[in-house]
DNA sequence: GATGAATGAGCCTTCATTCAT
DNA sequence: TATGAATGAAGGCTCATTCAT
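The following block contains the structure:
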């Protein structure tokens, strides 16, 4: 009597197609077809294309945040926590390249930008997890005394860049290089002794 | 040699509109209109929309590379050269936010990705300039012994991220913070003593 | 005999929605929703949308005819009977504006036109009631010797027009003006002495 | 070098199809096809379907008003003027039944209703021509002292009704019956001696 | 070179109707 | 009887591109 999970099937298919071919490159009918569903069925679960795009993102984000927070060594030193978060993030995206492509696209679209604005102001996303670490780090004079946004860029921006290169095949990340590069990021944000 | 400047007008207009509204958000007719040119005229200078997008990018890239190389303190220490390049880059994009938006979009599109592939293999772009610095830095044991691609991410990826945030208004970069953040990037890539 | 009243609820809801938003402006699902009934249930009682539209009309018509015939002063002079019928009609529609809007729409649609054809030939509707009055009036040389259809237009067409204006708020009809205007119609159809 | 008059062809075709099959019964593609024009061409001249509908109406209205005003015996008695206007109107619509069907539909649609509202308040349409006659008639105590809107209904509403019946084949109007019925309308609005 | 009217494939979305439960 | 998830044909509209002038 299961939901027959048509909704889930649609979201999964949308994720894949959008990630591979871009939001504009995928007609709704293509999603329907690949999900083995009538076009009308999609509109049964989602108001319109935009809403489908948003819902796929939201679900994805939820999963990622959960992944990061899982096993987060909450009361270990700043450094360890930072390395944990960044390494988990890298591994997650390496294992879910479609999700990474999707997020990048989403963040670069009007949807994503307004979403982002909320994230900065409000309490969403993995942004917040790092904010806590960064603030604590600044307070304890472990990290450089820079605005959070800048630490965020140095600590995370480079990794996003790197993950993209990995997925596109420009570099290859393994356990070892992940460790090295996250350490490098740490070097970037940590205060000079 | 004048091309009567219609070509240039079209490219400039395309750059602005695409940067602001995305490749898919701008019909060719809109470009024609804003450039005060007939739609047919665009197709006189550019094979199709894709080619227009590419040519705008190519020209932009040329300008940026020229800007970076200009005054590049070629025979100064690695550190100085790195800081010079990154600072020039940041300032350039802060002063040309439309170009930055354009590039980001381009890099995230099918066009950009194949383009990127060329950059890594071949000898294009600002990538090359940094490659030289990085290779030299590794050889002289000044930089971490990581694949170029990784140094590139740590050194440049974070800045790209940061510039976006600046343009979107999430952080504000001034002379001082630019210096701080480029130093932080340097800390990320430099070898431990 | 109760039909559990779902059928009635559907018809009532359909009348309201169609009158307000037009046949094309109301999806079947909207009717189902507002009638608190499953969409499938509608198709249990009505073959399809068209049939629903027709049945609503038929029931409405029945009520109107009954209203007119009720208290019809059958053996009073032609004039009195005419004034009675027209006044009852006006008042009825003023009190049931949705029914009026529905009828107008219906009459203007393919359904209504074929329906109308029957009315002329056959023995339906309020058309018949007036026909009797008109024929008698002609025979007794009280009314102008015009085809029934023309008397009908002069006697009733104007009122329909007027009721619409009243409902749309372009004129306002009260007891007094109703009397005046029905008298005017009488003047239009009555023979010169 | 003529306009090639694609625009005119589209309007003419739209008029015919809409009149025969209703606004909702005619897809834009059908108009394009019958007008031997690409679908895109319609959107070159008209913003959307609604605007096409409105423009067809506006042009039609202009023609009708011109027809009525043409040869209007401006300084003849009220009665003559009224008879002139009504007769011209009847004849016009009998000769242009599609235009009549179109107007009826239009007037019964949301477009028409708001349009109508303007007509009552403002200075549009044939409504105004009759208003002048009516007002003068009231002032000179030739017509019944009723609100203009009511005289309008009695004088014109009945005719509209009648024309419809004629077009649908329920009655047949010829020179003679047109005269009779317009006289009957005059009887309806004129004051008792 | 320059123009812009014309084209039509293709996209998003709606909604009457069905049918398994 | 009653339900409502599922269907997919069909409609309005966009926009890259062409070509006669």
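Protein chains in written order, with the working numbering: chain H, 1 to 193; chain W, 1 to 193; chain E, 1 to 193; chain P, 1 to 193. Every residue gets a Cβ at the ideal spot worked out from N, C-alpha and C, and that includes glycine.
Cβ of residue i within 8 Å of any chain E Cβ
i                      : result
residue 104 of chain P : yes
residue 170 of chain P : yes
residue 58 of chain P  : no
Residues of its chain near residue i, where Cβ-Cβ distance is below 6 Å and the 5 sequence neighbours each way are ignored
i                      : result
residue 20 of chain W  : none
residue 101 of chain P : 19
residue 106 of chain P : 57 and 112
residue 93 of chain P  : 100 and 163
residue 155 of chain E : 185 and 189
residue 115 of chain W : none
residue 26 of chain E  : 17 and 18
Residue-level contact to chain W via CB, residue i, 8 Å cutoff
i                      : result
residue 96 of chain H  : no
residue 174 of chain H : no
residue 8 of chain H   : no
residue 158 of chain H : yes
residue 122 of chain H : Bear in mind that the predicted position of residue 122 of chain H carries a pLDDT of just 48, short of 50, making it unreliable; the figure below should be weighed with that in mind. By this cut-off, residue 122 of chain H is not an interface position.
residue 37 of chain H  : no
residue 161 of chain H : yes
Neighbourhood of residue i by C-beta distance below 8 Å, restricted to the same chain and skipping five residues each side
i                      : result
residue 7 of chain W   : 45
residue 162 of chain E : 90, 171, 173 and 181
residue 159 of chain P : 86, 89, 90, 181, 182 and 185
residue 81 of chain P  : 72, 73, 74 and 133
residue 129 of chain P : 65, 68, 69, 72 and 85
residue 143 of chain E : 78, 134, 137, 151, 189, 190 and 191
residue 140 of chain P : 78
residue 145 of chain P : 138 and 191
residue 98 of chain W  : 15, 16, 19 and 20
residue 200 of chain H : With chain H represented from 1 up to 193, any question about residue 200 of chain H goes unanswered, as that position is not in the structure.
residue 13 of chain H  : 31, 34 and 35
C-beta neighbour in chain P for residue i, strict 8 Å
i                      : result
residue 184 of chain E : yes
residue 188 of chain E : yes
residue 99 of chain E  : no
residue 180 of chain E : yes
residue 4 of chain E   : no
residue 18 of chain E  : no
residue 113 of chain E : yes
Residues that residue i bridges to, as DSSP identifies them
i                      : result
residue 143 of chain H : H:190
Cβ of residue i within 8 Å of any chain H Cβ
i                      : result
residue 54 of chain W  : no
residue 15 of chain W  : no
residue 24 of chain W  : yes
residue 64 of chain W  : no
residue 48 of chain W  : no
residue 149 of chain W : yes
residue 51 of chain W  : no
Beta-carbon proximity list for residue i, same chain, < 7 Å, skipping 5 on both sides
i                      : result
residue 10 of chain W  : 31, 35, 37, 42 and 45
residue 165 of chain W : 171
residue 136 of chain P : 78
residue 83 of chain W  : 182 and 186
residue 28 of chain P  : 39, 42 and 49
Contained beta strand (DSSP E) runs [length at least 3] in the region 28 to 114 of chain W, N- to C-terminal order: Listed in chain order, nothing qualifies, since the region 28 to 114 of chain W has no complete beta strand (DSSP E) run of 3 or more residues.
Interface residues of the region 127 to 147 of chain H facing chain W [CB-CB below 7 Å]: For the region 127 to 147 of chain H, the set of positions with a beta-carbon nearer than 7 Å to some beta-carbon of chain W reads 144, 146 and 147 in chain order.
Residues of the region 63 to 89 of chain H with Cβ closer than 9 Å to any Cβ of chain W, in chain order: From the region 63 to 89 of chain H, no residue has a Cβ closer than 9 Å to chain W.
Start-end ranges of the alpha helix (DSSP H) lying completely within the region 165 to 190 of chain W, minimum 4 residues: For the region 165 to 190 of chain W, whole alpha helix (DSSP H) runs of length 4 or above, ordered along the chain, are 175 to 189.
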